[in-house]
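Trainee: All residue numbers for the sequence shown refer to the numbering used here, where the first residue is 23 and numbers rise by one. We treat Cβ as the ideally placed atom computed from N, Cα and C, and that holds for glycine.
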Amino acid sequence: MPLTLNSALDDLRPSGIRRFSALAAQTPGCVSLTLGEPGEDTPASVCACVRAGLDAGRTHYPPNNGWPELKEAICARMSSTGLAYAPDEIIVTSGATEALYATLTAMLNPGDEVIVPMPAFLLYESVVRLARATVVPLDTSADGFQIDASDLAAAITERTKAIVLTSPNNPTGVCLTPQSLAAVAELAVRHSFYVICDDVYDQLVYAEGYEGFASLHPELREQTVVVNSFSKPYAMTGWRLGWLAAPAPLVAQIAMVHQYAISSVVSFTQDAAIEALSTDVTPMRESYRVRRDFVLRRLAGMGLSCVRPDGAFYAFPSIRKLGLTSEEFCTRAIQEAGVALVPGSIFGAEGHVRLSYACDSVTLRRGLDRLESFVSGH
Ligand SMILES: Cc1ncc(COP(=O)(O)O)c(C=O)c1O
């Protein structure tokens, strides 16, 4: 037998975001606005819980789906945004990454189709491919990154198994409007497919009164999976903690993938996760909003148009007027101006670049000064 590997891997590529952040790191003095990672450290009160957990002997196998106290705290946090879930409808996962992997793996058969509004976070496509299913991209760039009902209807076939919604979005920062969400709900009922809500940025929304898909459309509860994470709102990217919520029968199936992939998340981090959920994220969100406003002013000053981001910590300006591909733009911005961004092509939207303003404001100002000199030189 030849020593071949899973051929589904043939089409997968390493993360383009990492490629550009590595290029920035190798370039002396380069200012990197590439990573979607809060510059702040995890709150001290959260870190203290790990020490206490170790002292209390929380070092044995925990329940596969998470400690009951943590699942209860997650349910309480979800109910504060209008989402009613019971602890047996929750799985604590190794970040949203594993939640998405377990969900898609549990749902997909070879040949199934998953609609992904583009631009999108790259993970979805890779996991769908690993399951030998197909991503059907839904281009939203002509609609201000919103979902147009007739475009969505045209993307649906009898093989459509699911749609993935990311709101606020990575890379655009745009929140889906109630109209976009209603279009999804109506078609998901009519054609019977799952709705996977990647809500990892839902604590970082600047617009008043925002509601996500699951709270606006409880009538689709049986076919909805909500994915969330501790990474972004609590500056806990390295902890690898997230969760998913879904109706109990669906959770039972997803739990099988979770159990055989990782068994459970680390036992002694789970009390810290409870503490994190009680953290007030308002100061962090406010500070991102200030940075967002600053970024939009600076981009406008450079003549780069940008759909206004209402959440997360990304801006996704158009670079069309410069006549460079996004890959050329980002490569040359590193080489010629010492500032690193991520090409839109990596997220499925040529003609744009992603700028992350999750870094501190001094770095951000310096990066934008360099971007301005690069843009004005072209
Ligand atoms: C939209 C989106 N989903 C999921 C993730 C993964 O998050 P986690 O750190 O919880 O695995 C990210 C990380 O950048 C993201 O931007």
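Using DSSP with H/G/I as helix, E/B as strand and the rest coil, what is T246?
Mentor: If DSSP states are grouped into helix, strand and coil, T246 belongs with the strands.
Trainee: Are there three or more Cβ pairs, one per stretch, closer than 8 Å when the region 297-308 is compared with the region 138-158?
Mentor: No, the region 297-308 does not touch the region 138-158.
Trainee: Look at the alpha carbon of T188 and the alpha carbon of S395, and state the distance between them as a whole number of angstroms.
Mentor: Cα to Cα, T188 sits roughly 33 Å from S395.
Trainee: Leaving out five residues on either side along the sequence, give the residues of the same chain with a beta carbon under 6 Å from the beta carbon of M278.
Mentor: Around M278: no qualifying Cβ.
Trainee: Exposed or buried, which one is V186 when buried takes at least 16 other CB atoms within 10 Å?
Mentor: With 16 or more Cβ atoms within 10 Å of its Cβ, V186 is classed as buried.
Trainee: Restricting to Cα atoms, I'd like to know which of G195, L25, V68 is closest to P331.
Mentor: Minimum Cα distance to P331 is reached at G195.
Trainee: Taking 7 Å as the cut-off, is the CB of V86 close to at least one heavy atom of ligand 1?
Mentor: According to the sequence provided, residue 86 is Asn. The question's Val does not apply to it. No, since every heavy atom of ligand 1 falls outside the 7 Å radius drawn around the Cβ of N86.
Trainee: Which residues in the same chain have their Cβ closer than 6 Å to the Cβ of I341, if we skip the five residues on either side of it in sequence?
Mentor: If we look at I341 and ignore the five residues flanking it on each side, its Cβ neighbours are F351, V375.
Trainee: How would you label M23, buried or exposed, when you count the other beta carbons within 10 angstroms and need 16 or more for buried?
Mentor: When all chains shown are included, M23 counts as exposed.
Trainee: Looking at T259 and ligand 1, is the gap between the Cβ and the nearest heavy atom below 7 Å?
Mentor: Flag set: Cβ of T259 near ligand 1.
Trainee: Would you identify the three-state DSSP class for V157, choosing helix, strand or coil?
Mentor: Correct three-state label for V157: strand.
Trainee: Are the beta-carbon atoms belonging to L266 and T119 less than 8 Å from one another?
Mentor: It is not a contact, given that the beta carbons lie outside the stated cut-off.
Trainee: Quick check: is any heavy atom of ligand 1 less than 7 Å from the C-beta of A184?
Mentor: Checking every heavy atom of ligand 1 against the Cβ of A184, none is found closer than 7 Å.
Trainee: Can you pull the DSSP bridge partners for M140?
Mentor: Partner(s): D161.
Trainee: So for I39, helix, strand or coil by DSSP?
Mentor: I39: helix per DSSP, three-state reduction.
Trainee: Can you check the region 72-123 for any beta strand (DSSP E) of at least 3 residues that lies completely inside it and give the ranges in chain order?
Mentor: Taking only runs of at least 3 residues, the beta strand (DSSP E) segments lying wholly in the region 72-123 are 112-115.
Trainee: Whole angstroms is fine: what's the gap from A108's alpha carbon to R243's?
Mentor: One C-alpha to the other measures close to 13 Å.
Trainee: Hey, L363 and L346 are a contact pair by Cβ (cut 8 Å); roughly how many whole angstroms apart?
Mentor: In fact, because the Cβ distance is near 12 Å, the residues do not count as touching under 8 Å.
Trainee: Which value, in whole angstroms, describes the spacing of the CA atoms of S67 and D173?
Mentor: When rounded, the distance between both Cα atoms is 47 Å.
Trainee: Cβ of V248 versus every heavy atom of ligand 1: is any distance shorter than 7 Å?
Mentor: Answer for V248: no, Cβ out of range of ligand 1.
Trainee: What is the chain-ordered set of residues for which the beta carbon lies under 6 Å from any non-hydrogen atom of ligand 2?
Mentor: Among the ligands in the structure shown, ligand 2 does not appear; only ligand 1 can be found there.
Trainee: In three-state DSSP terms, what is T125?
Mentor: T125 falls in the helix class under three-state DSSP.
Trainee: Tell me G333's beta-bridge partners as DSSP assigns them.
Mentor: DSSP lists V227 as partners of G333.
Trainee: Leaving aside the five residues before and after S327 along the sequence, list all residues of the same chain whose C-beta is less than 6 Å from its C-beta, in chain order.
Mentor: Excluding residues within five positions, the ones whose Cβ falls inside 6 Å are S340.
Trainee: Looking at C-alpha atoms only, which residue of A121, S29, D33 is the closest neighbour of V287?
Mentor: Minimum Cα distance to V287 is reached at A121.
Trainee: Measure the Cβ-Cβ separation of V329 and E111 and say whether it is below 8 Å.
Mentor: Their beta carbons are not under 8 Å apart, which means V329 does not touch E111 by this criterion.
Trainee: Per DSSP, what kind of secondary structure is T56 in: helix, strand or coil?
Mentor: Three-state DSSP puts T56 in coil, outside helix and strand.
Trainee: With DSSP run on the structure shown, which of helix, strand or coil describes V317?
Mentor: Helix, per DSSP.
Trainee: Beta carbon of G104, beta carbon of S237: below 8 Å?
Mentor: Yes; because the gap between Cβ atoms is below 8 Å, this pair is in contact.
Trainee: Report the rounded CA-to-CA distance for R314 versus P255, giving the unit in angstroms.
Mentor: Approximately 16 Å, taken between the alpha carbons.
Trainee: Taking the alpha carbon of G370 as the reference point, which residue from A78, V157, G51 has its own alpha carbon closest?
Mentor: It is V157 whose Cα lies nearest to the Cα of G370.
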